[in-house]
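Below is one structure, written out as structure tokens; comments come after it.
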Amino acid sequence: MSFTTLANMQAFRKSFMATPSKSSGVTRWNLMFRELKREVSRPTKEHPTTRVWRESDLTMVISRVRKEQLAELKSTFPRAKGVIARMLEIGWLRQIPLEPTPGEDAPPTLYLLDMEATEEELPDAWELMQGYRPGGVLCYFAAAAFHELTTQEPAFYHIANLRPAGPKPEIGEMPATVASDGSKRQRNPLGTLEFRFQGLPCYITGRDEATIPGIQTRDFGPRTQLRITTLEQTMLDTLWQPLKCGGESVVFEAWERGVQRWNPERMAKHLAAINRQDLERRVGAMLSLLGVETDGSLRCLLAATMETLRNSVDHQHLPLMPGLPGSRLLPEWGILTP
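First residue of the sequence shown: 313, per the numbering used here; consecutive thereafter.
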């Protein structure tokens with residue numbers, strides 16, 4: 313047991329001894345913390361990480377526990393705000409230092425809930441973002457780094473709020489930049505900057521469910537799960553939103569590393585679900601550039617796309633990466649490469 317953990321436990325016991333309440337008060341606090349510990353011991357679908365909490369989410373959980381145990385806790389027992397104050401006092405809870413975004417008075421309040429964490433310990437950025445948006449999906453540069461598709465450290469992190477499938481953009485049209493509230497904004501192509509964590513910008517972005525069929529849940533410690541794009545979906549995302557994935561060098565590195573470990577059948581399923589000819593053309597062009605031969609469902613899907621392209625009398629030339637210029641044409645795919 314670490315010194316910090318022992319000190320926290322001693323502070324926990326001392327907080328009860330120092331309380332002027334009688335033994336019944338200590339018993340009620342024990343009850344609250346016992347039931348609360350049960351609530352936050354394992355990740356759930358509603359809250360994939362039980363180590364990182366928004367203040368509002370933690371308040372809801374504490375309020376629910378208090379209501380369920382009110383017969384024993386009594387109406388005089390402190391409400392959520394008082395319980396959070398006690399948890400901070402005994403070291404079970406610690407506020408995570410965040411930097412505000414420009415123009416904002418203060419960043420959101422996030423807590424690390426872990427009695428065994430050292431004073432210096434902070435959550436990983438993936439875990440932090442998942443706690444900030446429990447229903448969101450980690451994607452883009454953050455996902456590329458998680459899957460080790462890039463050797464570069466992420467310069468920023470994204471988590472996506474999913475929205476129901478809408479009309480498909482025209483071929484070659486860039487997906488709209490969508491804010492977390494669903495409104496279209498063109499000011500920042502990276503999304504809505506929520507805060508900075510250890511100097512890293514953390515963005516919320518809106519994503520159409522139709523563009524992101526590849527989502528998986530990955531264990532990230534005993535009390536954290538991450539909802540994140542699959543390796544294959546992440547590779548596709550680099551050709552969908554290259555700027556959000558770190559730019560041209562990250563895109564090529566992600567594909568060079570990805571084809572060593574990918575599941576082509578899974579990528580074929582993702583492409584079939586997305587059902588966009590421009591993305592299929594970009595995948596075919598990238599594989600041609602890398603000299604990668606495919607088989608099975610992916611080969612059939614790309615062959616059908618190429619046949620459709622051949623039979624088209626007037627098709628638009630597209631850049632390999634939307635928003636980034638291309639100069640050399642791959643005629644079989646109608647794709648302009650860097």
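A virtual CB, placed ideally from N, CA and C, is assigned to each residue, including glycine.
The structure presented is a predicted model; accordingly, all values stated were derived computationally and were not measured.
Next item on the list: Take Ser561 and list the residues in its own chain whose beta-carbon comes closer than 8 Å to its own, dropping the five residues that flank it on each side.
Entry: For this step, residue 561 is matched to residue 249 along the sequence shown. Within the same chain, Ser561 has close Cβ partners Gln464.
| Buried or exposed (CB count within 10 angstroms, at least 16 for buried), Gly518 | Along the sequence shown, one-based indexing puts residue 518 at 206. Gly518 is buried by the Cβ-count criterion.
Q: Give the DSSP bridge partners of Ile516, in chain order.
A: Sequence index remark: in the sequence shown, residue 516 carries index 204 (1-based). Ile471 and Thr504.
Output the distance between the C-alpha atoms of Pro360 and Arg535, rounded to the nearest integer angstrom. By one-based count along the sequence shown, residue 360 stands at place 48. By one-based count along the sequence shown, residue 535 stands at place 223. Cα to Cα, Pro360 sits roughly 8 Å from Arg535.
Practice task
Tell me whether Asp369 sits in a helix, a strand or coil according to DSSP, three-state version.
Solution key: If you number the sequence shown from 1, residue 369 lands on position 57. DSSP places Asp369 in helix when its eight states are reduced to three.
### Message
Quick check: what's the CA-CA separation for Gly559 versus Leu512?
### Response
In the sequence shown, residue 559 corresponds to position 247, counting from 1. In the sequence shown, residue 512 corresponds to position 200, counting from 1. Straight-line Cα distance between these residues: approximately 17 Å.
query: Exposed or buried, which one is Ala580 when buried takes at least 16 other CB atoms within 10 Å?
result: Taking the sequence shown and counting its residues from 1, the one referred to as residue 580 is at position 268. It counts as buried.
- Going by other Cβ atoms of all chains shown within 10 Å of its Cβ, with 16 needed for buried, is Cys451 buried or exposed? In the sequence shown, counting from the first residue as 1, residue 451 sits at position 139. Its Cβ being crowded by 16 or more others within 10 Å, Cys451 is buried.
Point to revise | Integer Cβ distance of Arg593 from Leu630, believed to fall under 8 Å | key: The sequence position of residue 593 within the sequence shown is 281, counting from 1. The sequence position of residue 630 within the sequence shown is 318, counting from 1. About 7 Å separates the two Cβ atoms, so the contact holds.
(message) Please tell me whether Thr649 and Ala597 are closer than 8 Å, where the distance is taken between their beta carbons.
(response) By 1-based counting over the sequence shown, the position of residue 649 is 337. By 1-based counting over the sequence shown, the position of residue 597 is 285. In this structure, Ala597 lies closer than 8 Å to Thr649 by Cβ.
Next on the checklist: Going by DSSP in three states, Glu577 sits in which element: helix, strand or coil?
Outcome noted: Working through the sequence shown from its first residue, we reach residue 577 at position 265. Looking at Glu577 - three-state DSSP - the assignment turns out to be helix.
query = Would you say Phe458 and Ile540 are within 8 Å of each other, going by their C-beta atoms?
reply = On the sequence shown, residue 458 is found 146 positions in, with the first residue counted as 1. On the sequence shown, residue 540 is found 228 positions in, with the first residue counted as 1. In this structure, Ile540 lies closer than 8 Å to Phe458 by Cβ.
Buried or exposed by the 16-neighbour rule on C-beta atoms within 10 Å, applied to Lys556 | Position 244 of the sequence shown, counting from 1, holds the residue named residue 556. With 16 or more Cβ atoms within 10 Å of its Cβ, Lys556 is classed as buried.
*Going by other Cβ atoms of all chains shown within 10 Å of its Cβ, with 16 needed for buried, is Glu384 buried or exposed?*
In the sequence shown, residue 384 corresponds to position 72, counting from 1. Looking at its Cβ environment, which holds fewer than 16 other Cβ atoms inside 10 Å, Glu384 is exposed.
**OP:** State the Cα-Cα distance for the pair Gln510 and Leu424, rounded to the nearest angstrom.
**Re:** What you label residue 510 is simply residue 198 of the sequence shown in a count that begins at 1. What you label residue 424 is simply residue 112 of the sequence shown in a count that begins at 1. Distance between the alpha carbons of Gln510 and Leu424 is about 15 Å.
Looking at Leu474 and Glu521, is the spacing between their C-beta atoms short of 8 Å?
As a working note, residue 521 is residue 209 in the sequence shown. As a working note, residue 474 is residue 162 in the sequence shown. Cβ atoms of Glu521 and Leu474: closer than 8 Å.
How about Phe453 and Pro435: are their beta carbons less than 8 Å apart? The residue given as residue 453 occupies position 141 in the sequence shown. The residue given as residue 435 occupies position 123 in the sequence shown. For Phe453 and Pro435, no; Cβs fall outside 8 Å.
At what residues does the alpha helix (DSSP H) containing Ile647 begin and finish?
By one-based count along the sequence shown, residue 647 stands at place 335. No alpha helix (DSSP H) holds Ile647; the beta strand (DSSP E) holding it covers Ile647 to Thr649.
Worksheet entry | Entirely enclosed beta strand (DSSP E) segments - the segment 535-613, minimum 3 residues | 537-541
Whole angstroms are fine: how far does the CA of Pro476 sit from the CA of Thr489? Mapped onto the sequence shown, residue 489 falls at position 177. Mapped onto the sequence shown, residue 476 falls at position 164. With a pLDDT of 48 at Thr489, under the threshold of 50, the modelled position of this residue cannot be trusted, and the question is left open.
Helix or strand or just coil, what does DSSP make of Ile527?
-> Counted from its first residue, the sequence shown places residue 527 at position 215. Note: Ile527 maps to strand in three-state DSSP.
Residue range of the unbroken alpha helix (DSSP H) whose run includes Gln442 = Working through the sequence shown from its first residue, we reach residue 442 at position 130. Per DSSP, Gln442 belongs to the alpha helix (DSSP H) from Ala437 to Tyr444.
Next item on the list: Give the DSSP-derived three-state secondary structure of Thr339 in the structure shown.
Entry: Here residue 339 corresponds to residue number 27 of the sequence shown, with the count starting at 1. DSSP places Thr339 in helix when its eight states are reduced to three.
query: Taking just the CA atoms, how far does Gly447 sit from Arg346?
result: Numbered from 1 along the sequence shown, position 34 holds the residue referred to as residue 346. Numbered from 1 along the sequence shown, position 135 holds the residue referred to as residue 447. C-alpha separation (whole angstroms): 26 Å.
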